[in-house]
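Asker:
2 protein chains.
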Amino acid sequence: VQRYFSNIKEKNSFILNDDDWYHIRKVMRMTDDTLIEVVYKNNLYICKVKDKFAVIDKMVENENIKKVKYVLVVPLLPEQKMSFVLQKATELGVDEIIPIFTERSKVKIDEKEDKKLLRWNRICKEAAEQAKRLDIPKISRISNIKDINTNGLKIVCSTKEKSNSLKKVLKNNLNCDRIIMGVGPEGGLTDKEEQVFIEQGFIPVSLGSNIMRVETVPVYLLSVLNYELME
Amino acid sequence: VQRYFSNIKEKNSFILNDDDWYHIRKVMRMTDDTLIEVVYKNNLYICKVKDKFAVIDKMVENENIKKVKYVLVVPLLPEQKMSFVLQKATELGVDEIIPIFTERSKVKIDEKEDKKLLRWNRICKEAAEQAKRLDIPKISRISNIKDINTNGLKIVCSTKEKSNSLKKVLKNNLNCDRIIMGVGPEGGLTDKEEQVFIEQGFIPVSLGSNIMRVETVPVYLLSVLNYELME
């Protein structure tokens, strides 16, 4: 059953956006009375397609929701890599993504930030639907590391750090309700940038001996977190 | 420093293939005497580019090599997803990849297997160079699950399994020298296929509550293994 997110409820039905209707009618070729899932305010409803509405059939009891929030701090990446990170991070349960400028990001700001954010949000929404999530990750505006909310366990991937492995740090600190993970661009964070992270309370960690591409690192981190927090 | 693999040594230099020379001369625009890394029989050499040869400057002492072998059993996937899996799995240290037919793989065999294998091998070679590995993962011919070497810990990702989590199984079985991981295609393995895996000694495991795309699963598994086997 296909899942869609809605922000607007009218009496006993939900309003979906044009992209969703295109998907429903043109891509999936659904006719009236086809069942779909609609998520509204983190609750799941089974609905019937009717004309231009998703009419509520029944509400579904909330499954248990993961307690620890995952926050990913990523440098601006070339668009293809950014899409990849947004999609995979959404699949792996990221709650918040904070893009930052870094010295070695080789990304030209060739368009308005608002346009970028719209596209990024669409990628996360679609990935959240496919992964059957009850929420869409929040993408912040492009930020400065000094200005972000640093509540929770904070780690930053470091190429210099040798003794503090990700494993050691996670084993000793998993009793928290928010984990913020900072990753660097291709070529890594500069020493100065890493220092700023450390001043903000981030613990530099080593990821082991594999040399990963930039876009693989968030997937690695979120996989490991899901695993560690598994029953 | 760029890394290349070579199979042929002649006196004090290595022969590289045409693709590598194209990369060296046209893409990287290296001139004679530029230093490159060449891996030959799992050993690393610093070499100088000279005409059509990589002339040995010095051999580098082997770094410590991971002991546990990672084997990935994957269904035939659409080419783009297969490339993704091969590239990421190589970055994350896979040693052997065994492609298998499954009922729900929606892949047409529209070309000779040999041609596929050539392309797949090229992807793994390039990823191994970029990840600075000392070996290239071995890709088997398309196999039947009944015919593979099943020495070691064997797990198969199951959508039905609820109680046996990946974590439980890994924690109790990591003392092995080879781990074989089976994953299903989109839509999952059929009951019958899962049964064949189980008859071969594979332990069905659950990966938790996230719904991942097919190509994300191998990345997740290898990330977790690297993490668990980290010092």
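If you read the protein sequences in the order shown, they are chains Z and B.
Here this note's numbering is used: position 141 in the first sequence is 976, and no number is missing along the way.
Here this note's numbering is used: position 108 in the second sequence is 943, and no number is missing along the way.
Backbone N, C-alpha and C fix where the C-beta goes; we use that ideal spot for every residue, glycine too.
Computed from a predicted structure; not experimentally measured.
So, helix, strand or coil for Ala924 (chain B), using DSSP?
Answerer: Here Ala924 (chain B) sits in helix by DSSP.
Asker: Among Z:Lys941, Z:Asp854, Z:Ile958, Z:Val1004, which residue has its Cα nearest to the Cα of Pro913 (chain Z)?
Answerer: Minimum Cα distance to Pro913 (chain Z) is reached at Z:Lys941.
Asker: State yes or no: is the beta carbon of Val831 (chain Z) nearer than 8 Å to at least one beta carbon in chain B?
Answerer: As shown, chain Z starts at 836 and ends at 1066. That puts residue 831 (chain Z) outside it, with no answer to give.
Asker: Any C-beta of chain B within less than 8 Å: which residues of the region 986-1014 of chain Z qualify?
Answerer: The region 986-1014 of chain Z vs chain B, Cβ under 8 Å: Ser1000, Leu1001, Lys1002.
Asker: Return the CA-CA distance between Thr1051 (chain Z) and Glu926 (chain B), expressed in angstroms with no decimal places.
Answerer: Roughly 9 Å separates the two Cα atoms.
Asker: Name the two residues that bound the continuous beta strand (DSSP E) containing Leu907 (chain B).
Answerer: Looking at the DSSP string, the run of the beta strand (DSSP E) that includes Leu907 (chain B) is 904-910.
Asker: Between which two residues does the alpha helix (DSSP H) harbouring Cys959 (chain Z) extend?
Answerer: Unbroken alpha helix (DSSP H) run through Cys959 (chain Z): 948-965.
Asker: Can you pull the chain B neighbours of Arg1048 (chain Z), defined as C-beta to C-beta under 7 Å?
Answerer: Glu926, listed in chain order.
Asker: Which same chain residues end up closer than 7 Å to Met863 (chain B) when comparing Cβ atoms and leaving out the 5 residues on each side of it in sequence?
Answerer: The answer, listed in chain order, is Gln837.
Asker: To which residues of the same chain is Asp867 (chain B) closer than 8 Å at the C-beta, ignoring the five residues directly before and after it?
Answerer: So the list reads Lys883, Val884, Lys885, Asp886, once near-sequence residues are dropped.
Asker: State the DSSP-derived secondary structure class of Asp868 (chain B), mapped to helix, strand or coil.
Answerer: Three-state result, Asp868 (chain B): coil.
Asker: For Gln1030 (chain Z) and Lys904 (chain B), I'd like the C-alpha separation in whole angstroms.
Answerer: About 37 Å.
Asker: I'd like to check one pair, Arg939 (chain B) with Gly1023 (chain B): are the Cβ atoms closer than 8 Å?
Answerer: A contact, by the Cβ cut-off of 8 Å.
Asker: For the beta strand (DSSP E) holding Asp892 (chain B), just list the boundary residues, first then last.
Answerer: Looking at the DSSP string, the run of the beta strand (DSSP E) that includes Asp892 (chain B) is 888-895.
Asker: Along the chain, where does the beta strand (DSSP E) containing Leu1005 (chain B) start, and where does it finish?
Answerer: From DSSP, Leu1005 (chain B) is part of no beta strand (DSSP E) but of the alpha helix (DSSP H) over 1001-1008.
Asker: By Cβ distance below 6 Å, which residues in the same chain neighbour Leu907 (chain B) in space, the five residues on each side in sequence not counted?
Answerer: If we look at Leu907 (chain B) and ignore the five residues flanking it on each side, its Cβ neighbours are Ala924, Val929, Ile932, Met1016, Pro1053.
Asker: Taking a Cβ distance cut-off of 7 Å, strictly less, list which residues of the region 1030-1056 of chain B are near chain Z, in chain order.
Answerer: Answer set for the region 1030-1056 of chain B: Gly1043, Asn1045, Ile1046, Met1047, Arg1048, Thr1051, Val1054, Tyr1055.
Asker: Looking at chain Z, is there any beta carbon in it that lies within less than 8 Å of the beta carbon of Lys876 (chain B)?
Answerer: Closer than 8 Å: no.
Asker: Out of B:Val1049, B:Ile850, B:Ile1033, state which residue places its alpha-carbon closest to the alpha-carbon of Val920 (chain B).
Answerer: Answer by Cα proximity: B:Val1049.
Asker: What do you get for Ile1046 (chain B), buried or exposed, if any count of 16 or more other CB atoms within 10 angstroms of its CB means buried?
Answerer: Classification for Ile1046 (chain B): exposed.
Asker: May I have the straight-line CA-CA distance separating Lys1027 (chain Z) from Leu1001 (chain Z), to the nearest angstrom?
Answerer: Roughly 21 Å separates the two Cα atoms.
Asker: From the DSSP output, in three-state form, read off Ser848 (chain Z) for me.
Answerer: Of the three classes helix, strand and coil, the one that applies to Ser848 (chain Z) here is strand, per DSSP.
Asker: Quick check on the DSSP output: what are the complete alpha helix (DSSP H) runs of length 4 or more inside the region 984-1066 of chain Z, in order along the chain?
Answerer: Listed in chain order, they are 1001-1008, 1026-1034, 1051-1063.
Asker: What do you get for Met894 (chain B), buried or exposed, if any count of 16 or more other CB atoms within 10 angstroms of its CB means buried?
Answerer: Counting Cβ neighbours within 10 Å, Met894 (chain B) comes out exposed, since fewer than 16 surround it.
Asker: Flag Lys967 (chain B) as yes if its beta-carbon sits less than 8 Å from any beta-carbon of chain Z, otherwise no.
Answerer: Output row for Lys967 (chain B): interface = yes.
Asker: Alpha carbon to alpha carbon, how far is Lys916 (chain B) from Glu1021 (chain B)? Give it in angstroms, no decimals.
Answerer: Near 11 Å, if we compare the C-alpha coordinates of Lys916 (chain B) and Glu1021 (chain B).
Asker: DSSP puts Ile932 (chain B) in a beta bridge; with which residues?
Answerer: DSSP, once it has assigned bridges, lists B:Leu907, B:Ile974 as partnering Ile932 (chain B).
Asker: Name the two residues that bound the continuous alpha helix (DSSP H) containing Asp853 (chain Z).
Answerer: Unbroken alpha helix (DSSP H) run through Asp853 (chain Z): 853-857.
Asker: If the criterion is Cβ atoms closer than 8 Å, does the pair Val873 (chain B) and Phe849 (chain B) meet it?
Answerer: Yes.
Asker: Tell me Ile881 (chain Z)'s beta-bridge partners as DSSP assigns them.
Answerer: According to DSSP, Ile881 (chain Z) bridges with Z:Glu872, Z:Lys893.
Asker: To the nearest angstrom, how far is the alpha carbon of Lys902 (chain B) from that of Met1065 (chain B)?
Answerer: When rounded, the distance between both Cα atoms is 12 Å.
Asker: By DSSP, does Arg939 (chain Z) sit in helix, in strand, or in coil?
Answerer: Arg939 (chain Z) falls in the coil class under three-state DSSP.
Asker: What separation, rounded to the nearest whole angstrom, lies between the Cα atoms of Tyr857 (chain B) and Pro1039 (chain B)?
Answerer: Using only the alpha carbons, I get a separation of about 46 Å.
Asker: Would you mind stating whether Tyr1055 (chain B) and Leu1042 (chain B) have Cβ atoms separated by less than 8 Å?
Answerer: For Tyr1055 (chain B) and Leu1042 (chain B), yes; Cβs fall inside 8 Å.
Asker: Interface residues of chain Z around Glu1066 (chain B) at Cβ under 7 Å?
Answerer: Result: Ser1000.
Asker: Going by the beta-carbon positions, is the gap between Ile990 (chain B) and Val1004 (chain B) smaller than 8 Å?
Answerer: Yes, these two residues count as a Cβ contact at 8 Å.
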